[in-house]
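To start, the structure itself, in structure tokens.
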Amino acid sequence: MYGLWVLLLLIFLSALPALAVLIWIRVRRFPITERPFGLPWFLLALLGGALSLGIAAILQAQFPPVNETTIAALLFKIFIQVALTEELGRFGVFVLLLGLVRRFGKKDQRSTPAFDAVTGLIAGLGFAVIETAMYGVGNFSIALVRAVTAAPLHGACGTRVGMAVSRLRDAPGIALVRFLYAVLIHGMYNFMIISPVVHLVFPILIAVTALLSSLQLIRYSGERS
Numbered sequence: 012m013y014g015l016w017v018l019l020l021l022i023f024l025s026a027l028p029a030l031a032v033l034i035w036i037r038v039r040r041f042p043i044t045e046r047p048f049g050l051p052w053f054l055l056a057l058l059g060g061a062l063s064l065g066i067a068a069i070l071q072a073q074f075p076p077v078n079e080t081t082i083a084a085l086l087f088k089i090f091i092q093v094a095l096t097e098e099l100g101r102f103g104v105f106v107l108l109l110g111l112v113r114r115f116g117k118k119d120q121r122s123t124p125a126f127d128a129v130t131g132l133i134a135g136l137g138f139a140v141i142e143t144a145m146y147g148v149g150n151f152s153i154a155l156v157r158a159v160t161a162a163p164l165h166g167a168c169g170t171r172v173g174m175a176v177s178r179l180r181d182a183p184g185i186a187l188v189r190f191l192y193a194v195l196i197h198g199m200y201n202f203m204i205i206s207p208v209v210h211l212v213f214p215i216l217i218a219v220t221a222l223l224s225s226l227q228l229i230r231y232s233g234e235r236s
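In this text, residue positions in the sequence shown follow this note's numbering: the first is 12, and each later residue adds one.
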């Protein structure tokens, strides 16, 4: 019973950023889209984040076991087997979600780059909630760190992948750069989390700084829409 309460606490902590973003959207009222960013789409974005975790797990299962005794093997696992696959899972889900907006949304209620970025942010936070719960079952100490840092990290990466999908048609080069930037941030965070010579403050700084810069990107995109 004690373990269940600990798991619920971890899920609650990792879900707080998602609730904060929902409040931020409602209070700020900046023009992220001509259509209100309502609760149904918010919940759908969270569900999309959970779905992207499943896709990433399928992609990761295609890799053979990696012997992490060398730095090259370790970097391959961190940046390719983990970071790249998780961002690819996110990318696939966003293509589907934002494609639905473009296909079935009304012409006078179009999606905007800021709307796509916020969708990515929320989906990334949904991904983090499920991932933290999974880590909580196996290792409480790692789960506690990720409950505080993984949510802003995945939210920041989700924002950039959402913006990449938004520019996929008209500027594929920019889309690729934004996607690779998400992979780079993700990989750097994972490396610092497991590195014995790196203090915990550094992955926290990466995660929080990346999230704050994401909010600035969303705000800038909204002002230009």
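Even glycine gets a Cβ: it sits at the ideal position worked out from N, Cα and C.
Model, not experiment: these values are computed from the prediction.
- For Leu58, the enclosing alpha helix (DSSP H) starts and ends at 50 to 71.
- For Leu111, the secondary structure class from DSSP, reduced to helix, strand or coil, is helix.
- Check the Cα spacing between Ala139 and each of Ala56, Ser224, Thr220: the tightest is with Ala56.
- Around the beta-carbon of Ile69, fewer than 16 other beta-carbon atoms lie within 10 Å, marking it exposed.
- Between the alpha carbons of Arg189 and Ala175 lies a distance of about 5 Å.
- Per DSSP, Val77 lies in no alpha helix (DSSP H) and is assigned neither H nor E.
- Leu132 sits close to Gly169, with the two beta carbons spaced by under 8 Å.
- Ala94 sits in a helix when the DSSP states are folded into three classes.
- Taking His165 as reference, the option from Ile141, Trp52, Trp16, Ala186 with the minimal CA-CA separation is Ile141.
- Taking a 10 Å sphere around the C-beta of Leu222, we find 16 or more other C-beta atoms and assign the residue as buried.
- Excluding sequence positions up to five before and after Gly137, its CB lies within less than 6 Å of the CB of Leu57, Gly60, Ala61, all in the same chain and listed in chain order.
- Cβ-Cβ separation between Val194 and Glu98: approximately 5 Å, consistent with a contact (criterion under 8 Å).
- Leu179 carries a coil assignment under DSSP once its states are collapsed to helix, strand and coil.
- The beta carbons of Ala182 and Leu21 sit no closer together than 8 Å.
- Inter-residue distance for Leu24 and Gly135 is about 15 Å (C-alpha atoms, whole angstroms).
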